[in-house]
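Student: Got a structure for you, questions after.
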Amino acid sequence: MKLKTAVIPAFAASLLLFGCSNDEVKDPPKDAPKENESANKDTSNDSMTDTSQDNKFAFTSFDLDVDYADHQDYEVDYDNDEDGMEASFQDDMNDEKLSGDKAMDKITPMLEKLDFDKDTSDEDVMKQVKDTFSLKDDYEKFELEVTFPDGTEKEYKDMKQ
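Shown next as structure tokens:
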């Protein structure tokens, strides 16, 4: 019985802390696409052009995890959905960890350079991301998950072991 009374408050506290994430971007770019934004638009107009050219980024979600030796990681997380925008940035090699608006300020110029779409080859996507973020090739694992404005989700992986 004592275990049960100790576990319940601990679980409740962890839920509370989980909800207090500080990755939320308070001042998001105005023209960044939101997840499911274009999926809900009326596409019956034949003269409608590709709206992804008007958006700030070519995706609504971008999750990059690159692992190097000695537990050195490089991570970029960006998510923009109807609940709001979140961003985080971590570069262990340069001892840099940012979240929220500071992370968004750091990663926006790089995310704007990425112009791949869901039809771009995996090799071209990974090369573009590695070049844009100046990633070294001696990584152990490269993993990228992207959600495009039309809702398509793609995963790009490269394991070196």
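In full-length UniProt numbering, the protein residues as written are 1 to 161.
Where a beta carbon is used, it is the ideal one built from N, C-alpha and C, also for glycine.
Because the structure is a prediction, the values reported are computed rather than measured.
Restricting to runs no shorter than 3 residues, where is the beta strand (DSSP E) found entirely within the stretch 92-119?
Tutor: Counting only runs of 3 or more, we get 96-99.
Student: According to DSSP, is Ala69 part of a helix, a strand, or is it coil?
Tutor: Against the sequence shown, residue 69 aligns to sequence position 69. The answer is helix: DSSP assigns Ala69 an H, G or I state.
Student: Give the straight-line distance between the Cα atoms of Glu82 and Lys160, rounded to the nearest whole angstrom.
Tutor: Counting from 1 along the sequence shown, the entry for residue 82 is found at position 82. Counting from 1 along the sequence shown, the entry for residue 160 is found at position 160. Roughly 36 Å between the two C-alpha positions.
Student: Within its chain, find whatever has a CB closer than 7 Å to the CB of Asp91; leave out the 5 residues flanking it on each side and keep chain order.
Tutor: Within the sequence shown, the letter at position 91 stands for residue 91. Closer than 7 Å at Cβ, skipping near neighbours: Tyr74.
Student: Would you check whether the ligand HEM has a heavy atom nearer than 6 Å to the C-beta of Met110?
Tutor: Although the ligand HEM was asked about, the structure shown includes no ligands whatsoever.
Student: Under 7 Å between the Cβ atoms of Ala103 and Ala87?
Tutor: For this step, residue 103 is matched to residue 103 along the sequence shown. For this step, residue 87 is matched to residue 87 along the sequence shown. Going by C-beta atoms, Ala103 is nearer than 7 Å to Ala87.
Student: Give the straight-line distance between the Cα atoms of Ala85 and Asp138, rounded to the nearest whole angstrom.
Tutor: Taking the first residue of the sequence shown as position 1, residue 85 is located at position 85. Taking the first residue of the sequence shown as position 1, residue 138 is located at position 138. Checking the displayed sequence, the identity of residue 85 turns out to be Met instead of Ala. Taking the straight line from one Cα to the other gives about 32 Å.
Student: What are the start and end residues of the beta strand (DSSP E) that includes Asp158?
Tutor: Numbered from its first residue, the sequence shown carries residue 158 at position 158. Where Asp158 is concerned, the enclosing beta strand (DSSP E) stretches over Glu153 to Met159.
Student: Go ahead and pull the three-state DSSP assignment for Lys136.
Tutor: Position 136 of the sequence shown, counting from 1, holds the residue named residue 136. If DSSP states are grouped into helix, strand and coil, Lys136 belongs with coil.
Student: When DSSP labels each residue in this structure, what does Glu123 get in the three-state scheme?
Tutor: Numbered from 1 along the sequence shown, position 123 holds the residue referred to as residue 123. Glu123 falls in the helix class under three-state DSSP.
Student: Using the three-state DSSP reduction, which class does Asp63 fall into: helix, strand or coil?
Tutor: Position 63 of the sequence shown, counting from 1, holds the residue named residue 63. Looking at Asp63 - three-state DSSP - the assignment turns out to be strand.
Student: Whose C-beta lies closer than 6 Å to the C-beta of Tyr78 among residues of the same chain, with five residues either side of it excluded?
Tutor: Indexing the sequence shown from 1 puts residue 78 at position 78. Counting only Cβ-Cβ distances below 6 Å, and skipping sequence neighbours, we find Phe62 and Ala87.
Student: Rank Phe59, Val66 and Ala58 by C-alpha distance to the C-alpha of Gln133 and give the top, closest one.
Tutor: Counting from one through the sequence shown, the residue named residue 133 turns up at place 133. Note that residue 133 is Phe in the sequence shown, not Gln. Cα-wise, what sits closest to Phe133 is Val66.
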